[in-house]
Structures are given as structure tokens and as C-alpha cells.
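Just so you know, the sequences run in chain order E and C. For the first sequence, our numbering assigns the number 1 to the initial residue and increments by one for each residue that follows. For the second sequence, our numbering assigns the number 156 to the initial residue and increments by one for each residue that follows. C-beta atoms are modelled at their ideal positions from N, C-alpha and C, and glycine is treated no differently. Being a predicted model, the structure only gives us computed values, none of them experimental.
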Amino acid sequence: MSSKKITLKSSDGETLEVEVAIAVQSQTIKHMIEDDCADGGIPLPNVTSKILAKVIEYCKKHVENSKKEDSIEEEDELKEWECNFLQVDQQILCDLIHAANYLNIKSLLDLTCRRVADMIKGKTPEEIRRTFNIKNDFTPEEEEEVRRENKWALE
Amino acid sequence: MREEHSEMSEDDERPPPDHGSGSIVETSNKCRSSLGIGYTADFQPPFPDQVLENVLENVLHFLTSRRDRNAASLVCKSWYRVEAVSRSELFIGNCYAVSPRRATNRFTKVLSLVLKGKPRFADFNLMPPSWGAHFKPWVAAISLAYPGLEKVYLKRMSVTDDDLALLAHSFPSFKELVLVCCDGFGTSGLAVIASKCRKLKVLDLIEDEVVDDEEDWISCFPETGTSLESLIFDCVDYPINFEALERLVARSPSLKKLRLNRFVSIGQLYRLMIRAPQLTHLGTGSFSPADLLAQADYELEIASAFSSSKSLVCLSGFREIIPDYLPSIFPVCANLTSLNFSYANINAERLKSVISHCHKLQNFWVLDSVCDEGLQAVAATCKELRELRVFPFDPSEDTEGPVSEVGLLAISEGCRKLQSILYFCQRMTNAAVIAMSKNCPDLVVFRLCIMGRHRPDHLTGEPMDEGFGAIVMNCKKLTRLATSGLLTDKAFSYIGKYGKLVRTLSLAFAGDSDMGLRYVLEGCPKLQKLEVRDSPFGDSALLSGLHHYYSMRFLWMSSCSLTRQGCVEIARQMPHLVVEVIRNVDEEEMEDSVQTMYMYRSLEGRRDDVPKFVTIL
């Protein structure tokens with residue numbers, strides 16, 4: 001049985017040959033194939049080769065996993081694999097989210113977003129800002145009003 | 156005073172962890188070796204705002220605790236906006252702290268509303284019933300704002316049949332209604348809910364006061380089949396149409412939780428159990444035959460029903476138990492994690508026969524009719540016990556009392572994982588309470604009710620200061636405390652000094668002087684809910700808490716030594732506090748001493764539904 005392959009072109013000019021079954025984990029790629037836009041390879045200007053490689057690694061694992069039987073051992077193994085998969089620095093995590101969003105891979109998007117949510121849990125607003133380098137654009141009065149509303153009404 | 160509503164008490168929950176898991180520092184450390192790239196722990200490359208904003212709603216989807224959502228809403232304006240449109244559970248701890256309009260303006264896609272109204276002391280007739288906490292303005296607002304609403308949880312609210320009708324007609328996807336300690340509605344309201352909420356999964360009525368309009372509400376559920384997973388109506392204290400109930404259970408294949416009222420006999424229970432072998436939670440109803448003289452032998456049948464019950468983990472009811480039937484539950488005991496005998500007047504022997512099988516028990520509610528001996532049996536077997544409640548069979552204040560420090564000590568020695576205890580007794584010693592403080596370090600909730608006023612340690616004659624002091628000192632996770640017995644200001648100095656995590660405090664007949672209350676108000680930074688009755692605290696104590704009142708959900712003081720001037724002064728100094736002086740219904744205003752004061756912070760100022768017997772200062 002031959003497995004059909006497709007060529008993906010990353011933003012930095014590299015090409016990657018990937019089995020179709022793995023590539024179509026991305027709804028974006030799937031639609032392009034269905035719409036017959038895939039001849040000569042699929043350009044992905046928003047994804048670098050490094051990130052693309054990681055994304056493909058993820059999709060490959062998921063396709064492999066779907067072929068196995070459901071069991072608690074398999075679930076645990078997948079969880080551990082996903083945990084290792086996400087042992088990356090914040091920049092790569094950010095790039096993975098961007099890629100998962102663009103490529104429309106829901107399970108990868110949920111996984112990476114869940115990781116970001118874990119980074120938010122238990123933190124104060126200032127700690128969250130520092131973690132993600134976000135500027136506080138509330139005026140002191142606005143911030144105080146939200147703080148009061150949260151504390152008095154919603155706690 | 157038999158409280159059954161543990162489900163919605165926030166203070167029985169575990170406190171949230173201080174640090175989120177998977178922090179950036181951890182991943183950076185790990186990546187240093189795995190990627191061979193020299194990121195130090197300090198350098199954090201910018202997380203492009205744009206990427207995060209695109210997916211922020213997806214990220215926030217995984218934040219469910221209101222603490223985390225509140226923090227996220229304060230990060231910056233765009234996070235505030237995204238959080239506001241994505242919060243799906245809206246929790247309002249005091250219905251008068253915020254208006255329905257303000258809440259619905261900010262949060263636009265709510266699926267689940269949790270709303271709390273009256274303070275807890277309202278349960279003990281310390282407040283006239285028509286005080287307020289009306290669901291009406293809220294249901295009017297949400298019926299327009301949240302057409303997709305699925306769940307409503309109300310605690311201590313006044314709910315009318317009209318409110319229930321509006322609910323039933325406004326929300327086509329409605330799935331769960333939980334009413335705890337509510338009043339103002341009747342069986343006609345229930346009938347509308349049953350017939351109009353076609354997707355209903357949960358109808359839980361817990362300790363509500365339900366009026367009998369003689370509506371056969373049980374017959375009103377959809378004829379073709381229901382999605383019911385939970386039906387709890389043990390507080391609906393009127394006969395129901397049993398044949399209709401039997402047919403309802405038969406056409407509710409998803410039903411897992413069923414709690415019957417006392418008008419369901421043991422023969423009828425049997426018929427229901429064989430129709431619903433998949434039940435996980437069962438409230439048994441009366442657990443006695445309908446006709447005591449008929450001598451129909453249900454023992455074999457009911458025993459076989461329990462034998463076939465592989466999934467039961469939670470058992471309650473036993474409202475009018477005939478103890479001879481008790482052995483029929485033996486087959487399920489080994490699997491039980493929760494057992495509620497608080498209506499079962501059984502003695503120690505009977506309890507022992509049951510409890511010796513209950514190795515997995517985590518929640519246990521019982522009447523003091525089982526005596527210290529019964530509690531010793533619990534301690535010997537129930538090593539996994541997390542929550543214990545011992546209720547008085549005879550709540551009058553001058554009886555000898557069947558449970559004492561002996562039972563408490565035994566529990567503390569046998570049940571080391573205990574997290575929550577409510578213990579009514581007539582006599583107690585400091586030594587037993589001190590022992591519990593050392594043996595049960597995981598205690599989060601400690602509520603000791605030594606009935607009778609100002610009772611000292613009955614062996615030493617001393618006040619109970621040292622006992623309660625040890626609890627706050629040794630139980631480092633304690634968030635809820637209720638005191639009783641003879642207590643001097645010293646007990647409160649301990650609470651103020653050590654009770655740094657205490658959120659809910661309940662005091663009755665306690666303390667010598669204003670200093671007692673001052674210690675607490677000055678020492679407990681996390682205090683949210685303070686309810687005080689019949690204690691000698693006056694205006695100067697009240698004034699010592701000004702720095703803290705905006706951080707509290709409420710303060711209740713009844714039968715203390717407050718004067719009108721003192722309350723007026725508080726109201727003057729703290730414009731966002733609503734200070735209510737509550738009289739008995741037929742009393743005149745112009746009294747100088749204050750019978751009951753209830754005060755709470757509010758974003759809205761005074762409420763517009765004030766009854767005649769309440770003055771807002």
C-alpha cells in the first residue's frame with residue numbers, strides 16, 4: 001500500500017514531504033487539497049521550517065495514536081508524550097499556537113492554549129503581565145473600578 | 156436545624172493553590188538542556204500580543220475558576236473584553252452587591268448563573284421571611300440577556316412561581332435548576348419547570364420551603380422520555396403521585412441521582428430501585444412501610460434491590476426508619492463514599508452493624524442517638540473520612556446529651572484525614588478539642604456547637620478558650636470556624652493571632668467585651684463572612700473594623716450591644732456599605748438599641764425593595 005505524499009513549503013524556503021494522512025490533520029491543508037490547490041506543493045508563508053517540523057511531529061503522533069486501541073496506558077503515554085512535546089521556550093510555544101491557529105489543527109491549538117492557561121492559573125494580574133510581557137493600558141481609575149467590581153460582585 | 160446543603164458551601168472547598176503549574180521558569184530550565192540554547196531564566200522574549208489575542212478566547216476557555224478569570228480581566232483592556240464575552244459561569248456571592256443590569260452588561264454569554272441571597276442566620280428565624288433576596292429582577296434581566304442559559308443555582312433566594320414560569324419559558328436549552336434554602340414557590344412552579352424545560356437534566360430541591368398548591372408536578376415531565384440525571388425532592392413535604400413517579404423513573408434512562416421525600420414508603424422504594432439499577436445517589440424516603448400494621452414483608456425484596464445495586468455510592472433518606480430494615484443496605488456499604496443518617500434515629504448497636512462495612516466512607520452525617528460508642532465505631536472503620544456532621548436528636552439545651560468529648564476524641568484518633576466537622580453536643584473538654592487540632596491537621600472547617608449557653612469545659616470548669624485556640628494554631632488550612640461554649644476575649648485573641656486564613660466565622664453567646672470582636676477584625680485579613688449573635692460587642696468593636704469592611708462580603712450582628720448611633724456612624728464613614736437595621740415585623744422604629752444589624756458592601760447603594768421592618772442607614 002503506497003502512502004500518498006504531499007509537499008509543504010515553509011516560510012524560509014524549505015520543503016517537507018509529508019504523508020497526506022498526516023498533513024490533513026490540518027483543516028487548512030485539507031481544504032486546499034480538496035479544492036485542488038495542492039499541485040506543486042502547498043506554500044505556508046506563516047510557518048517556519050523549524051515549527052513546521054514540530055507540527056508535523058505532533059500530527060504524526062496523533063495519526064499513530066488513532067490507530068491504536070483505546071486504553072488507560074495509551075492515554076497516559078500520549079499525555080506524557082504531549083508534556084515532553086511542550087517542553088519548549090515561550091517563543092516556540094507562541095509560534096506553535098500561531099501555526100496551529102493558521103493551520104487549523106484543533107487538538108494542537110487546544111493543547112497549546114491549555115498550556116498557556118496553566119501559565120496564567122494562580123497568578124495576579126501583574127504576574128500575568130510580566131509572564132507575557134503585556135502592557136497595562138488601564139488608567140489607575142479604570143483599573144481600580146474593575147478591581148472593585150471583581151472583588152465586590154464576583155468573589 | 157438539620158443542614159443538608161453541603162454542596163454549595165464555598166468554605167468546604169479546598170483553597171486554591173498559590174502557584175500555577177507549568178510556570179515559565181520551569182520550562183525554561185528544562186529547555187536549557189534539551190535545546191542547547193542559552194536562555195537564562197531572566198530573559199523572556201516578547202510573546203507577540205497579536206498571536207495571544209487571536210487565541211485568547213481559546214486560552215481563557217481553560218480558565219474556569221472565578222479567581223483566575225478575575226485576574227485575567229485586570230491584565231489589560233483587551234483581556235478584559237475577551238474575558239467578559241467568554242465567562243460562562245457567573246457567580247454572584249451577594250445578590251445585593253451588584254445589580255442585574257451591571258452584571259448582564261458586562262458578561263454577555265453566560266451559560267450558568269450562581270446567585271446567593273440571604274445570610275445564613277436567616278435559616279434560624281433570626282430574620283423575618285419577607286426580608287428580600289428576590290429572584291424576580293434577576294430572572295427578568297437574564298431572560299433577555301442570556302437566551303442560551305443552561306443552569307441556575309440559587310441559595311437563600313426568594314423565588315416565586317412566576318419567576319419559575321419565566322425561567323421555563325425563556326431558556327430553550329435549560330438543563331439544570333438547583334434551589335438550596337429557597338422559599339416563595341410551590342408545586343405549581345415545579346409543574347411549569349417539569350413540563351416546559353424539555354432538556355432538563357437536573358432538578359435539585361435542597362432544604363427549600365415549598366408550598367403545596369396541590370399540583371401533581373411529577374406528572375408534568377415529558378411523556379416520551381426525559382434527560383433527567385438528577386431529581387432531588389426530599390424537602391417537598393407533601394405526598395406525590397407515586398404511579399407517576401414510577402413511570403417517570405422508568406422513562407429516565409440517564410437518572411443517576413434520586414432523593415425521595417418521606418411520603419415514599421419502603422415498598423414503593425423497592426419498585427423504584429428495580430426500575431433504576433444504575434443509580435449512584437439514592438435518598439430512600441421514609442424507609443418504612445406505608446402501613447405499619449400490614450406487616451408486608453419487604454425485607455427480602457428491598458435487600459435484593461440493594462444487592463443488585465452495583466453503582467450506589469451515596470445513600471441518604473431514612474426519614475422514618477424502622478431499624479429492622481437496616482441490614483438490607485449491607486451489600487452496598489463497602490462501596491459507599493457518602494452516607495447520611497441525620498434523620499435516622501438509630502442506636503449505637505444498629506450503627507455498628509452498618510458502619511463496620513463502610514471502609515470507603517468519606518462523608519458521614521448522623522444523629523447523636525448513636526452516642527459516643529457509635530462514633531467510636533466510625534473512628535475504627537472509616538479511615539478515609541473527610542467530613543463528619545453529628546446532629547442533635549433533641550436540640551433542647553438542658554438534656555444530658557449522648558455524645559461528648561469521648562466521641563470527638565475517638566474521631567480525631569481514628570479519622571486522621573478529616574477536613575470538615577460539625578459537631579453538636581451538650582458537653583465538651585478543651586483536651587479533646589486540642590487533641591483534634593493535633594490529630595487532624597487537614598481540617599478546613601471546624602464547627603463545634605456546645606448546646607446550652609456559656610458552657611465551660613465540663614471536667615475542668617475552665618472556658619473553652621484553649622481548645623479553640625489550639626484549632627486555629629494547629630490547623631493551618633482552616634478557613635471556616637464556628638465557636639460555642641464559655642469563651643472569654645482570650646479565645647478571640649487566639650483567633651486574631653493565628654486564624655490568618657479564616658474566611659467564615661460564626662460566633663454565638665461568646666466573649667467578654669468589645670476586645671473580643673476587635674481581635675478578630677484586626678487580626679483576620681481573609682475574613683469574608685462574620686455572623687455574631689448574643690454576644691456583648693458594642694459600637695466601639697464595630698468601629699474597629701472600618702479598615703476591613705469593604706473586603707468582607709457581610710457582617711451580621713444580632714442581640715449584641717449595638718446602638719443606632721454606632722450603626723449610623725459606620726454608614727456615614729463608609730458610603731459604599733449598606734447598613735441595614737432589622738426589627739421584628741411589628742416593632743416600631745425609633746428604638747435606640749439595635750436588635751439586628753446586617754451590613755454588606757454594594758456597588759449599587761441601597762436596594763429599592765426594602766420592607767417596612769428594615770431601615771437602611
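Practice task
Could you check the C-alpha separation between SER233 of chain C and LYS106 of chain E for me, to the nearest Å?
Solution key: Locating residue 233 of chain C in the second sequence gives position 78, where the first residue counts as 1. Locating residue 106 of chain E in the first sequence gives position 106, where the first residue counts as 1. Their Cα atoms are separated by approximately 23 Å.
Practice task
Please check if any C-beta of chain E sits within less than 8 Å of the C-beta of GLY422 of chain C.
Solution key: Against the second sequence, residue 422 of chain C aligns to sequence position 267. False, the Cβ-Cβ gap to chain E never drops below 8 Å.
Exercise for the section: Decide yes or no for the touch test of the region 457 to 472 of chain C against the region 430 to 440 of chain C: beta carbon pairs closer than 8 Å, at least 3 of them. Expected result: The region 457 to 472 of chain C vs the region 430 to 440 of chain C: in contact.
Practice task
Pull out every residue of the region 101 to 124 of chain E whose Cβ sits closer than 9 Å to any Cβ of chain C, in chain order.
Solution key: Within the region 101 to 124 of chain E, the residues whose Cβ lies closer than 9 Å to any Cβ of chain C are, in chain order, ASN101, LEU109, ASP110, THR112, CYS113, ARG114, ARG115, VAL116, ALA117, ASP118, MET119, ILE120, LYS121, GLY122, LYS123, THR124.
Practice task
Indicate the three-state DSSP secondary structure (helix, strand or coil) for LEU215 of chain C in the structure shown.
Solution key: Locating residue 215 of chain C in the second sequence gives position 60, where the first residue counts as 1. Residue state, collapsed to three classes: helix.
Practice task
Would you list the one or two residues that DSSP bridges to HIS289 of chain C?
Solution key: Here residue 289 of chain C corresponds to residue number 134 of the second sequence, with the count starting at 1. Note: HIS289 of chain C is bridge-paired with C:SER313 in the DSSP secondary-structure output.
Practice task
Taking only beta-carbon positions, decide if SER228 of chain C is within less than 8 Å of chain E.
Solution key: Stepping through the second sequence from its first residue, residue 228 of chain C is reached at position 73. By this cut-off, SER228 of chain C is an interface position.
Handout entry: Amino acids of chain E, ordered along the chain, whose beta-carbon sits closer than 8 Å to that of CYS231 of chain C
Key = As a position in the second sequence, residue 231 of chain C is number 76, starting the count at 1. Under the 8 Å cutoff, chain E gives ARG129, ILE134, LYS135, ASN136, ASP137, PHE138.
Practice task
Return no unless some Cβ of chain E is closer than 8 Å to the Cβ of LEU467 of chain C.
Solution key: For the purposes of this step, residue 467 of chain C is taken as the residue at position 312 of the second sequence. Using a Cβ-Cβ cut-off of 8 Å, LEU467 of chain C does not count as an interface residue toward chain E, since no Cβ of chain E sits closer than that to its own.
Practice task
Give a yes or no on whether the C-beta atoms belonging to SER385 of chain C and LYS354 of chain C are separated by under 8 Å.
Solution key: Here the question's residue 385 of chain C lines up with position 230 in the second sequence. Here the question's residue 354 of chain C lines up with position 199 in the second sequence. Going by beta carbons, SER385 of chain C and LYS354 of chain C fall outside the 8 Å limit.
Exercise for the section: Take the Cβ of TYR308 of chain C as the centre, count every other Cβ of all protein chains shown within 10 Å, and call the residue buried at 16 or more, exposed below. Expected result: Position 153 of the second sequence holds residue 308 of chain C. With a threshold of 16 other beta carbon atoms within 10 Å, TYR308 of chain C meets it and is buried.
Practice task
Specify, as a first and last residue, the run of the alpha helix (DSSP H) that CYS83 of chain E falls within.
Solution key: Residue 83 of chain E sits at position 83 when you count from the first residue of the first sequence. Where CYS83 of chain E is concerned, the enclosing alpha helix (DSSP H) stretches over 72 to 85.
Handout entry: Residue nearest to PRO302 of chain C in terms of C-alpha spacing, selected from C:LYS330, C:ALA288, C:ARG311
Key = Here residue 302 of chain C corresponds to residue number 147 of the second sequence, with the count starting at 1. Nearest option by C-alpha distance: C:LYS330.
Exercise for the section: Please report the residue range of the beta strand (DSSP E) in which ARG688 of chain C lies. Expected result: Sequence index remark: in the second sequence, residue 688 of chain C carries index 533 (1-based). That run of the beta strand (DSSP E) goes 684 to 688.
Exercise for the section: Determine the direct distance from the alpha carbon of THR342 of chain C to that of VAL366 of chain C, and round the result to whole angstroms. Expected result: Walking along the second sequence from the start, residue 366 of chain C turns up at place 211. Walking along the second sequence from the start, residue 342 of chain C turns up at place 187. Each residue's CA atom was taken as its position, placing VAL366 of chain C and THR342 of chain C some 6 Å apart.
Handout entry: Alpha carbon of GLY344 of chain C to alpha carbon of VAL357 of chain C, nearest angstrom
Key = For the purposes of this step, residue 344 of chain C is taken as the residue at position 189 of the second sequence. For the purposes of this step, residue 357 of chain C is taken as the residue at position 202 of the second sequence. Their backbone Cα atoms lie some 15 Å apart in a straight line.
Exercise for the section: Can you say whether SER189 of chain C is buried or exposed, counting buried as having 16 or more other CB atoms within 10 angstroms of its CB? Expected result: Position 34 of the second sequence, counting from 1, holds the residue named residue 189 of chain C. Summary for SER189 of chain C: the model assigns pLDDT 30, below 50, so the residue's position carries little reliability, and this model does not support an answer.
Practice task
Would you mind reading off the limits of the beta strand (DSSP E) that contains GLY339 of chain C?
Solution key: Translated into positions along the second sequence, residue 339 of chain C becomes position 184. Taken as a continuous stretch (DSSP letters only), the beta strand (DSSP E) holding GLY339 of chain C covers 338 to 341.
Practice task
Could you check what DSSP says for THR751 of chain C in three-state terms: helix, strand or coil?
Solution key: Numbered from 1 along the second sequence, position 596 holds the residue referred to as residue 751 of chain C. THR751 of chain C: strand per DSSP, three-state reduction.
Exercise for the section: Go ahead and label ALA663 of chain C buried or exposed: buried means 16 or more other beta carbons lie within 10 angstroms of its beta carbon, across all protein chains shown. Expected result: Against the second sequence, residue 663 of chain C aligns to sequence position 508. It is buried - the Cβ of ALA663 of chain C has at least 16 other Cβ atoms within 10 Å.
Exercise for the section: Identify the contact partners of ASN260 of chain C in chain E, using a Cβ-Cβ distance below 8 Å as the criterion. Expected result: If you number the second sequence from 1, residue 260 of chain C lands on position 105. Near ASN260 of chain C there are no residues of chain E at all, since even the closest Cβ is about 11 Å away, more than 8 Å.
Problem - When C:PHE376, C:THR584, C:LYS351 are compared against LEU614 of chain C, the one with the closest alpha-carbon - result: Reading the second sequence from its first residue, position 459 is the one you call residue 614 of chain C. For the residues C:PHE376, C:THR584, C:LYS351, the minimum Cα distance to LEU614 of chain C belongs to C:THR584.
Practice task
Please decide whether SER176 of chain C counts as near chain E, where near means a Cβ-Cβ distance under 8 Å.
Solution key: Residue 176 of chain C sits at position 21 when you count from the first residue of the second sequence. Unreliable placement is indicated for SER176 of chain C, whose pLDDT of 36 sits below 50; no coordinate value is reported for it.
Exercise for the section: Determine, using beta carbons only, whether ASP223 of chain C comes closer than 8 Å to chain E. Expected result: Taking the first residue of the second sequence as 1, we reach residue 223 of chain C at position 68. So yes, ASP223 of chain C belongs to the interface.
Exercise for the section: Step through the CB atoms of chain C and report whether any lies within less than 8 Å of the CB of ALA21 of chain E. Expected result: Within the first sequence, residue 21 of chain E is the residue found at index 21, counting from 1. False, the Cβ-Cβ gap to chain C never drops below 8 Å.
Handout entry: Distance CB(LEU682 of chain C)-CB(ARG658 of chain C) smaller than 8 Å
Key = Counted from its first residue, the second sequence places residue 682 of chain C at position 527. Counted from its first residue, the second sequence places residue 658 of chain C at position 503. Contact flag set, yes.
Practice task
Just confirm the distance between the C-beta atoms of ARG107 of chain C and PHE388 of chain C, as a whole number of angstroms; I'd bet it's less than 8 Å.
Solution key: Only positions 156 to 772 of chain C appear in the structure, and residue 107 of chain C is not among them; the question remains open.
Practice task
List the endpoints of the continuous beta strand (DSSP E) containing ALA399 of chain C.
Solution key: Start at 1 with the first residue of the second sequence, and residue 399 of chain C comes out as number 244. ALA399 of chain C -> not in any beta strand (DSSP E); alpha helix (DSSP H) instead, spanning 397 to 405.
Practice task
Can you tell me which of C:PRO557, C:ALA590, C:ARG236, C:ARG582 puts its alpha carbon nearest to the alpha carbon of CYS570 of chain C?
Solution key: Translated into positions along the second sequence, residue 570 of chain C becomes position 415. Residue C:ALA590 is the option with its Cα nearest to CYS570 of chain C.
Handout entry: Members of the region 287 to 310 of chain C that neighbour chain A once the beta carbon cut-off is set at 9 Å
Key = Here chain A cannot be found, since the structure's protein chains are E and C.
Exercise for the section: Evaluate contact between the region 453 to 467 of chain C and the region 478 to 486 of chain C, counting only Cβ atoms and requiring at least three cross-stretch pairs below 8 Å. Expected result: Of all C-beta pairs linking the region 453 to 467 of chain C to the region 478 to 486 of chain C, three or more are shorter than 8 Å, placing the two stretches in contact.
Problem - One or two residues paired with GLY693 of chain C in a DSSP bridge - result: One-based indexing of the second sequence puts residue 693 of chain C at position 538. C:SER716.
Exercise for the section: Out of C:TYR674, C:GLN720, C:GLU686, point me to the one whose CA is closest to ASP694 of chain C's CA. Expected result: Here residue 694 of chain C is taken as the residue at index 539 of the second sequence, counted from 1. C:GLN720 is the residue among C:TYR674, C:GLN720, C:GLU686 whose C-alpha sits nearest the C-alpha of ASP694 of chain C.
Practice task
For VAL214 of chain C, decide whether its Cβ has a neighbour in chain E, counting only Cβ atoms nearer than 8 Å.
Solution key: Mapped onto the second sequence, residue 214 of chain C falls at position 59. Closer than 8 Å to some Cβ of chain E, the Cβ of VAL214 of chain C qualifies, so yes.
Exercise for the section: Inspect the beta-carbon positions of THR315 of chain C and LYS351 of chain C and report whether they are closer than 8 Å. Expected result: Translated into positions along the second sequence, residue 315 of chain C becomes position 160. Translated into positions along the second sequence, residue 351 of chain C becomes position 196. Note that the C-beta distance between THR315 of chain C and LYS351 of chain C is not below 8 Å.
Practice task
Assuming LEU522 of chain C contacts PHE546 of chain C (C-beta within less than 8 Å), just tell me the rounded distance between them.
Solution key: Position 367 of the second sequence, counted from the first residue, corresponds to residue 522 of chain C. Position 391 of the second sequence, counted from the first residue, corresponds to residue 546 of chain C. About 6 Å; that satisfies the 8 Å criterion.
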